[in-house]
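> Residue numbers (this note's numbering): 500 to 720. Glycine residues also receive a C-beta, built at the ideal position from the N, C-alpha and C atoms.
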């Protein structure tokens, strides 16, 4: 194979074989020369008719007038009698090149592939408290309160809080019935109690005297 411009040879070989020949793709070496076999990749292009040399359809469905690919006359390419010394003539534009030349002005160019649209990068939030492009004086001025704003804020009535009802504790009737009677508070009752206590003390002293005579008490001492 040779280059299109200059005709310099390339380190490539084009081999035409049948489609069922798959063993050639396993070749890795020929005469101590490392090789790699790949299938021919066709370029994306619009099809051209071999009958009328126009684009967009195939020869099997063409009903137009036949034109030669070399001279542009009404005959097949194999029947062309143009001398090889004469330059070819395009059947589409009339210039000096074959009709299958891809650089022809009438040859439709493939549409360019649109570049993928990239979404704008999201900036990470600034971790510092100082905002870019904003000084401390501007930040402090935006948060200061004027005297009128303070008066309006203090004049706004606050929502009245609901009064809390005090719950009264009621003692049950069973506790009131079982409670003992209160002690007497009048003086006469207190005197009666004291008199009864003195009588009991006297009775106890008499019992002790009768039980323990004075002589026995002296002996014990």
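Using beta-carbon positions only, say whether residue 570 and residue 561 come within less than 9 Å of one another.
Walking along the chain shown from the start, residue 570 turns up at place 71. Walking along the chain shown from the start, residue 561 turns up at place 62. No, they are not a contact pair.
> For residue 501, write down the residues that DSSP places opposite it in a beta bridge.
Residue numbering aside, residue 501 sits at position 2 when the chain shown is read from its first letter. DSSP output for residue 501 lists 508 as bridge partner(s).
> May I ask you to report which of helix, strand or coil DSSP gives residue 600?
Position 101 of the chain shown, counted from the start, is the residue given in the question as residue 600. Three-state result, residue 600: coil.
> Extract the residue ranges of the alpha helix (DSSP H) inside the segment 519 to 590, only unbroken runs of 4 or more that lie entirely within it.
none
> Identify the continuous alpha helix (DSSP H) that holds residue 695 and give its terminal residues.
Your numbering for residue 695 matches position 196 in the chain shown. Unbroken alpha helix (DSSP H) run through residue 695: 686 to 710.
> I'd like to check one pair, residue 556 with residue 567: are the Cβ atoms closer than 9 Å?
On the chain shown, residue 567 is found 68 positions in, with the first residue counted as 1. On the chain shown, residue 556 is found 57 positions in, with the first residue counted as 1. Not in contact: residue 567 and residue 556 (Cβ atoms no closer than 9 Å).
> Distance check for residue 620 and residue 520, CA to CA, integer angstroms please.
Residue numbering aside, residue 520 sits at position 21 when the chain shown is read from its first letter. Residue numbering aside, residue 620 sits at position 121 when the chain shown is read from its first letter. Looking at the two C-alpha atoms, the distance is approximately 51 Å.
> Since residue 577 and residue 591 should fall inside the 8 Å C-beta cutoff, what is the C-beta to C-beta distance between them, to a whole number of angstroms?
Counted from its first residue, the chain shown places residue 577 at position 78. Counted from its first residue, the chain shown places residue 591 at position 92. Beta-carbon to beta-carbon, residue 577 and residue 591 are separated by about 20 Å, too far to satisfy the 8 Å threshold.
> Exposed or buried, what is residue 598 when buried is set at 16 or more other beta-carbons lying within 10 Å of its beta-carbon?
The count along the chain shown starts at 1 and reaches residue 598 at position 99. By the neighbour-count rule (16 or more Cβ atoms within 10 Å), residue 598 is buried.
> Please check the pair residue 512 and residue 500, which I expect to be a contact at CB under 8 Å, by giving their CB distance rounded to whole angstroms.
On the chain shown, position 13 is the one that residue 512 refers to. On the chain shown, position 1 is the one that residue 500 refers to. Yes, they are in contact, since the Cβ atoms of residue 512 and residue 500 sit about 7 Å apart, within 8 Å.
> Return the residue from the list 696, 607, 623, 695 that minimises the CA-CA distance to residue 546.
If you number the chain shown from 1, residue 546 lands on position 47. Closest by alpha carbon: 607.
> Less than 9 Å between the beta carbons of residue 609 and residue 596, yes or no?
In the chain shown, counting from the first residue as 1, residue 609 sits at position 110. In the chain shown, counting from the first residue as 1, residue 596 sits at position 97. No. Outside cutoff.
> Identify which residue in 526, 522, 539 has its Cα closest to the Cα of residue 514.
Indexing the chain shown from 1 puts residue 514 at position 15. Measuring from the Cα of residue 514, the nearest candidate turns out to be 539.
> Could you give the distance in angstroms between the alpha-carbon of residue 688 and the alpha-carbon of residue 699?
Looking up residue 688 in the chain shown gives position 189. Looking up residue 699 in the chain shown gives position 200. The alpha-carbon atoms of residue 688 and residue 699 are separated by roughly 17 Å.
> Measuring alpha carbon to alpha carbon, tell me which of 544, 622, 523 ends up nearest residue 536.
Your numbering for residue 536 matches position 37 in the chain shown. For the residues 544, 622, 523, the minimum Cα distance to residue 536 belongs to 523.
> Pull up the distance between the alpha-carbon of residue 554 and that of residue 612, whole angstroms please.
One-based indexing of the chain shown puts residue 554 at position 55. One-based indexing of the chain shown puts residue 612 at position 113. Answer to the nearest angstrom: the Cα atoms are 21 Å apart.
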